[in-house]
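Participant:
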Amino acid sequence: MFKQLCPETERLDPLQLRATFCRVQVLIVDDSALVRRLITAQLEGTGRFDLVMTAGDGNEAIGLAELMQPDVVLLDLSMPFLGGLEALPLVLSVAPHARVIVMSGSPSDEMAVRALAAGAVGYLDKGPQLHLPAVIDAVLGAA
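Note that this note's numbering has the sequence shown beginning at 1, numbered continuously upward.
Below you can see the structure in the form of structure tokens.
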């Protein structure tokens, strides 16, 4: 997790982390190339996040999570081949320190409960008001 990558920051809160040289590594997983680009632009615009890589489905996510060991995984719920809910425990098995935030374009309480039960630390609506840097700060602050 972030604290393991940057041990000198383990006592800092998310606001203090902004001033450090260490940046949070993020893996973005979504079947929409447009959504991946929009999320990438939002995170890169802050200067606080290293975009590890992007994946278009759950199978790619598992391989990249194992290889890159990201701090945070933004995981779309509905994807072809292997959906987010199915990929979630597999991602956590290969990157156990990652904090996984599940995203959905059509949120439902039932799916949120299932995602959280499977190990996600958050469940978000991919609506226009989504401000991911603040969400990631909150998730890392709860670590």
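Cβ atoms here follow ideal geometry from the backbone N, Cα and C, with glycine treated the same way.
Starting from Asp109, trace the beta strand (DSSP E) both ways and give me its first and last residue.
Facilitator: Careful: Asp109 lies outside any beta strand (DSSP E), inside the alpha helix (DSSP H) at 109-117.
Participant: Excluding sequence positions up to five away, which residues of its chain have a Cβ less than 8 Å from the Cβ of Leu85?
Facilitator: Hits under 8 Å: Leu77, Val102, Met111, Arg114, Ala115, Ala118.
Participant: In angstroms, rounded to a whole number, what distance separates the CA positions of Gln25 and Gly127?
Facilitator: So the alpha carbons of these two residues sit roughly 23 Å apart.
Participant: For the candidate residues Gly122, Val35, Gly105, Thr40, whose alpha-carbon lies nearest to that of Leu88?
Facilitator: Looking at the Cα atoms, Gly122 is the closest of the given residues.
Participant: Locate the alpha helix (DSSP H) running through Ala33, then write down its first and last residues.
Facilitator: First-last of the alpha helix (DSSP H) with Ala33: 33-44.
Participant: Taking Cβ to Cβ, would you say Leu43 is nearer than 7 Å to Pro70?
Facilitator: Contact: no.
Participant: Quick one: grab the DSSP three-state call for Asp125.
Facilitator: Three-state result, Asp125: strand.
Participant: Cα separation between Leu90 and Ile62?
Facilitator: Answer to the nearest angstrom: the Cα atoms are 6 Å apart.
Participant: Helix, strand or coil for Met68 per DSSP?
Facilitator: In the structure shown, Met68 sits in a helix (DSSP, three-state: H, G or I).
Participant: From Pro107 to Leu74, what distance separates their C-alpha atoms?
Facilitator: Rounded to the nearest angstrom, the two C-alpha atoms are 15 Å apart.
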